[in-house]
Amino acid sequence: DRRLQPLALACCRQIVDFNAMELANVAWGFAKMEFIDRRLFGAIAVETPRRVRESNPQSIANTVWAFATAGVAAESLFEAIAGA
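In this text, residue positions in the sequence shown follow the working numbering: the first is 145, and each later residue adds one.
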């Protein structure tokens, strides 16, 4: 649904201000809706490792699920999560 594109763009613009739970929720929500914006998922993959220490297990699980469901590879993200 292309109507989600403006929301994805707004998230990309503000992604550096999101906390760990917000990043996980955005990833989960877009994956759940099957709207895969590569730019947004790429931004989440960059920002999440910076906040992995503040993440709780549920946020980590939601993020991993979202990337797997979306079919988006994010090696550095998964390495950061594994090392947490």
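The C-beta atom is built at its ideal place from N, Cα and C for all residues, glycine as well.
Which residue wins for smallest C-alpha separation from T192, given the options D145, N169, D181, F179? Among D145, N169, D181, F179, the Cα nearest to that of T192 is on N169.
Neighbourhood of M165 by C-beta distance below 8 Å, restricted to the same chain and skipping five residues each side: A distance below 8 Å between beta-carbons, with the five flanking residues on each side excluded, links M165 to the following residues of its chain, in chain order: S199, N200, S203.
Helix, strand or coil for G186, going by three-state DSSP, please let me know. When secondary structure is reduced to three states using DSSP, G186 falls in the helix class.
Rounded separation between L184 and C156 - CA only: The straight-line gap separating the alpha-carbon atoms of L184 and C156 is approximately 6 Å.
Could you tell me the distance, in whole angstroms, from the CA atom of L221 to the CA atom of A154? L221 and A154: Cα-Cα distance of roughly 22 Å.
Unbroken alpha helix (DSSP H) run spanning G173, endpoints: Taken as a continuous stretch (DSSP letters only), the alpha helix (DSSP H) holding G173 covers 164–176.
Between which two residues does the alpha helix (DSSP H) carrying R157 extend? 149–158 is the extent of the alpha helix (DSSP H) around R157.
Who are the Cβ neighbours of N163 in its own chain at under 8 Å, not counting the five residues just before and after it? Taken in chain order, the residues that qualify are R195, E198.
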